[in-house]
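>
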Amino acid sequence: MVRLLLRFKDQHKEDELMHDILEKDAKEWTMVNAKNQFGNTPLHAAAMAGCAETVRVLLDADAVVDEVNNQLSTPLHHACYCTQDNTRVVDTLIQAKADVNAMDKNKATPLIVAAKKNQIGAIELLLKAGADPAAKDDSNRNAYASAKQRNNIKAAALLEGLAPQDNDDGVNV
Numbered sequence: 003m004v005r006l007l008l009r010f011k012d013q014h015k016e017d018e019l020m021h022d023i024l025e026k027d028a029k030e031w032t033m034v035n036a037k038n039q040f041g042n043t044p045l046h047a048a049a050m051a052g053c054a055e056t057v058r059v060l061l062d063a064d065a066v067v068d069e070v071n072n073q074l075s076t077p078l079h080h081a082c083y084c085t086q087d088n089t090r091v092v093d094t095l096i097q098a099k100a101d102v103n104a105m106d107k108n109k110a111t112p113l114i115v116a117a118k119k120n121q122i123g124a125i126e127l128l129l130k131a132g133a134d135p136a137a138k139d140d141s142n143r144n145a146y147a148s149a150k151q152r153n154n155i156k157a158a159a160l161l162e163g164l165a166p167q168d169n170d171d172g173v174n175v
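Just so we're aligned, residue 3 is where the sequence shown starts under our numbering, counting upward by one.
#1: Looking at A157 and N1, is the spacing between their C-beta atoms short of 9 Å?
#2: Should D106 be labelled buried (16 or more other beta-carbon atoms within 10 Å of its own) or exposed?
#3: Expressed to the nearest angstrom, what Euclidean distance is found between the alpha-carbon atoms of D139 and D62?
#4: Which full runs of the beta strand (DSSP E) of 3+ residues lie inside the segment 93-164, going along the chain?
#5: How many Å lie between S148 and A117 at the Cα?
#6: Relative to the C-alpha of T56, which candidate in L45, H79, A136 has its C-alpha closest?
#7: If distances are taken between C-alpha atoms only, which option among T111, A54, Q73 comes closest to T89?
#8: Which residue marks the beginning of the alpha helix (DSSP H) containing M50, and which one marks its end?
#9: Using 10 angstroms around the beta-carbon of S141, count the other beta-carbons present and answer buried if the total reaches 16, otherwise exposed.
#10: If we count the other Cβ atoms within 10 Å of its Cβ and call it buried at 16 or more, is M33 buried or exposed?
#11: With distances taken from CA atoms, which of Y146, N35, G41, T94 is nearest A136?
#12: Given G163, which residues of its chain have a CB within under 7 Å of its CB, disregarding the five upstream and five downstream residues?
#13: Do A159 and P112 have their C-beta atoms closer together than 9 Å?
#14: Please report how far the alpha carbon of I155 lies from the alpha carbon of I122, in whole angstroms.
#15: Which residue comes first and which comes last in the alpha helix (DSSP H) that contains V57?
#16: How many angstroms separate the CA atom of G41 from the CA atom of M50?
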């Protein structure tokens with residue numbers, strides 16, 4: 003069961019079979035927070051795959067919303083990393099009190115990850131939930147600088163002016 007959950011990669015729809023299994027057995031399932039060799043839990047996998055309903059079921063079964071993997075990424079980081087619109091999953095995790103300012107191994111917050119992936123809906127939700135637009139990763143880039151570096155015009159426009167920017171000398175302007 004855990005292997006099935008952790009290998010789940012369908013990026014286009016909810017996995018109805020998995021959802022049915024979890025809905026019926028999740029409360030009794032003692033391995034809801036089990037980790038694979040990368041430290042990912044079923045919640046990480048469901049968040050990355052964009053399965054909002056599976057995320058909800060896992061959270062209802064007491065999955066740890068801010069569990070970190072080997073890279074210190076939370077399920078919210080994974081949801082923001084997704085290349086598809088993952089707004090429902092991001093919203094579900096935020097409603098479950100996920101830490102919107104959690105930092106991964108590279109000090110990237112979910113907002114920085116969403117900016118890199120041009121996830122406009124996720125950026126809006128994260129900002130509304132109190133994500134810090136001034137937080138910087140280990141490359142000294144905040145969400146705006148990360149979006150700009152990747153030429154994510156919409157994300158950069160949304161984030162522009164929300165945090166002080168450094169000039170070439172590293173001084174805030």
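Yeah, the Cβ is synthetic: ideal placement off N, Cα and C, and Gly gets one too.
Looking at the atomic coordinates:
#1: Outside the shown range of the chain (3 to 175) lies residue 1, about which nothing can therefore be said.
#2: buried
#3: 32 Å
#4: none
#5: 6 Å
#6: L45
#7: A54
#8: Per DSSP, the unbroken alpha helix (DSSP H) holding M50 starts and ends at 44-51.
#9: With fewer than 16 other Cβ atoms within 10 Å, it is exposed.
#10: Under this definition M33 is an exposed residue.
#11: Y146
#12: none
#13: no
#14: Straight-line spacing of the CA atoms in I155 and I122 works out to 10 Å.
#15: In this chain, the alpha helix (DSSP H) harbouring V57 covers 54-62.
#16: Cα-Cα distance, rounded: 14 Å.
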